[in-house]
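Q: Residue numbers (the numbering used here): 2 to 381.
Please see the structure below; I have some questions.
In C-alpha cells, the structure reads:
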C-alpha cells in the first residue's frame, strides 16, 4: 500500500469529530443535559425497559420531562415512525432519546430529523429528502454496537413490503452518544458473541473495501485484534465490566472505519435480510461473514494476503483461508453457520438481494443484484 502521507500520493482528510461521545455511566450525564431541552421523547425496546427507568430517573433529576415509548420488538419501520412522529409533535418534544439496538437508534434519528416539519414516513420511503436541523438526539446503544455512529444515515423499513432503505440525513441533528458498559451487562454470552461477530464483519468489510484508506485500515485492524480476543473469552467473561468496555472500544473503532469507507456488502445485505424475514441483523452479519470472505466480492481484493495474517494465531502461520478461520472461531462459540439456522427460508429472504443492491448503488456500482443473490443462495 502506498504511503498516503508521501508527496504526490497524500489523500485529503477533512474530519469533523461528531457526534460527542461519552463513555461512562448514565448516572453521570451531568447538568449539561438541561441544555438539550426540557421535554424528551424516549424510544426503547421493551426488552431493555428495565434500564430505561434508570435513564428516566436521571433525566427527571435534571428537570427534564420524559415520555417513554417502549414496545416489544420495536423496529425502524414506517408504522413505528408514524407513531413516534405523532408523539414527538404532540408532546412538543425538544429532544429524542434512543435506547436500544440499530433499529431504535435509526428510529430516533428519523423522528428527530422529521418531527419539526410535516414529513410522513411514506414520503421518506418515496425518497423525499429529510432536511432541517431537527431535534437534539441522545443515543444510548444497548449492546455497545453502533454501526452508523459516524454516518449521517438511518435505516427505515416499509411495513407493507418489508423493504429496507438507508435514508441519508442531509442536515443531521445534534447528537450525543452515551456508551455505558453496565447497561449491556444482562446480555447473555450468546448475545454478546453475536454482537461481536457483527462487529468483526463490519471491521472486515471496511478493511477489504475498495474505499478504504490508511486511517480506516488503522481502525479496522485494531478492531479485528480486539474482537478476536473477546470472542475467545466470551463464554467466560461476557458479564465482566472490563470485557464490556473492550467491546465498546471495538465498536467505536469499527464505526470510525465504517464512517470513512461507508457500510459494506455484509452490513447492507444483513439489514435487508432482517427486513425481509425478521432475522436478527447481528446474526445475519455473523452468518454472512465467512461466505462473503470466500466469494468474488472479497477474494479479488489486493489486501487478501494481509487480511489472512490478521486472522492467524500468534503462534501459527497464515492459512490464506480467512473464511475457514472465521468458521472455526465461530464454531467453537456456537454461532450459526447458515441462514436457515436462523429460521430464514431462501424464498422469503431472496428479495433482500434487490434491496441490498439498491442501497449499495450510492457506494459501489460494480455490485449488482445477481452478486447478492449468489451469496444468499450459498449461505442458506
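Glycine included, C-beta positions come from ideal geometry on N, C-alpha and C.
As the structure is a computational prediction, the values presented were derived from the model and not from experiment.
#1: Could you compute how far the alpha carbon of residue 343 sits from the alpha carbon of residue 280?
#2: Does DSSP put residue 158 in a helix, in a strand, or in coil?
#3: Less than 8 angstroms between the C-beta atoms of residue 77 and residue 111, yes or no?
#4: In chain order, what are the residue ranges of uninterrupted alpha helix (DSSP H) at least 4 long that sit wholly in the segment 66-143?
#5: Which residues does DSSP pair with residue 46 in a beta bridge?
#6: What are the boundary residues of the beta strand (DSSP E) that includes residue 21?
#7: Would you tell me roughly how many angstroms separate the C-alpha atoms of residue 361 and residue 124, rounded to the nearest one?
#8: Just to confirm my understanding: we take residue 81, look at its own chain, exclude 5 residues before and 5 after, and list those with CB closer than 7 angstroms. What are they?
#9: Check for me: the alpha helix (DSSP H) holding residue 327 runs from which residue to which?
#10: Considering only the beta carbon of each residue, do residue 65 and residue 99 sit closer than 8 angstroms?
#11: How should residue 8 be labelled, buried or exposed, when 16 other C-beta atoms within 10 angstroms of its C-beta is the threshold for buried?
#12: Under 8 angstroms between the Cβ atoms of residue 296 and residue 268?
#13: Using a Cβ-Cβ cutoff of less than 8 angstroms, which residues in the same chain neighbour residue 250 once the five nearest sequence positions on both sides are dropped?
#14: Restricting to Cα atoms, I'd like to know which of 213, 104, 141 is closest to residue 55.
#15: CB residue 308 to CB residue 326, shorter than 8 angstroms?
#16: Suppose the cutoff is 8 angstroms on Cβ atoms and the five residues either side in sequence are ignored; what does the same chain contact list for residue 189 look like?
#17: For residue 360, does the three-state DSSP call read helix, strand or coil?
#18: Between residue 338 and residue 328, how many whole angstroms is the CB-CB distance? I'm expecting something under 8 angstroms.
#19: Do three or more CB pairs link the segment 204-217 to the segment 345-363 at distances below 8 angstroms?
#20: Would you report the Cα separation of residue 171 and residue 154, rounded to the nearest angstrom?
A: A quick look at the data gives this:
#1: Roughly 7 angstroms between the two C-alpha positions.
#2: Assigned with DSSP and collapsed to three states, residue 158 falls in strand.
#3: Closer than 8 angstroms, so yes.
#4: Whole alpha helix (DSSP H) segments, 4+ residues: 79-91, 103-115, 122-126.
#5: In the DSSP output, where bridge partners are listed per residue, residue 46 has 72.
#6: In the DSSP assignment, residue 21 falls within the unbroken beta strand (DSSP E) covering 21-24.
#7: Answer to the nearest angstrom: the Cα atoms are 21 angstroms apart.
#8: So the list reads 75, 108, once near-sequence residues are dropped.
#9: For residue 327, the enclosing alpha helix (DSSP H) has its first and last residue at 323-333.
#10: Remark: C-beta atoms of residue 65 and residue 99 do not approach each other more closely than 8 angstroms.
#11: In this prediction, residue 8 has a pLDDT of 41, which is less than 50 and means its spatial position is unreliable; what the coordinates show is noted afterwards. Looking at its Cβ environment, which holds fewer than 16 other Cβ atoms inside 10 Å, residue 8 is exposed.
#12: Not a contact, by the Cβ cut-off of 8 angstroms.
#13: Correct list, in chain order: 227.
#14: Measuring from the Cα of residue 55, the nearest candidate turns out to be 141.
#15: No, the pair does not count as a contact, with Cβ atoms beyond the cut-off.
#16: Within the same chain, residue 189 has close Cβ partners 239.
#17: Helix.
#18: Between residue 328 and residue 338 the Cβ distance is about 7 angstroms, and since that is below 8 angstroms, they are a contact.
#19: Taking a contact to require three or more Cβ pairs closer than 8 angstroms, the segment 204-217 and the segment 345-363 do not qualify as touching.
#20: Pairing residue 171 with residue 154, the inter-Cα distance amounts to about 9 angstroms.
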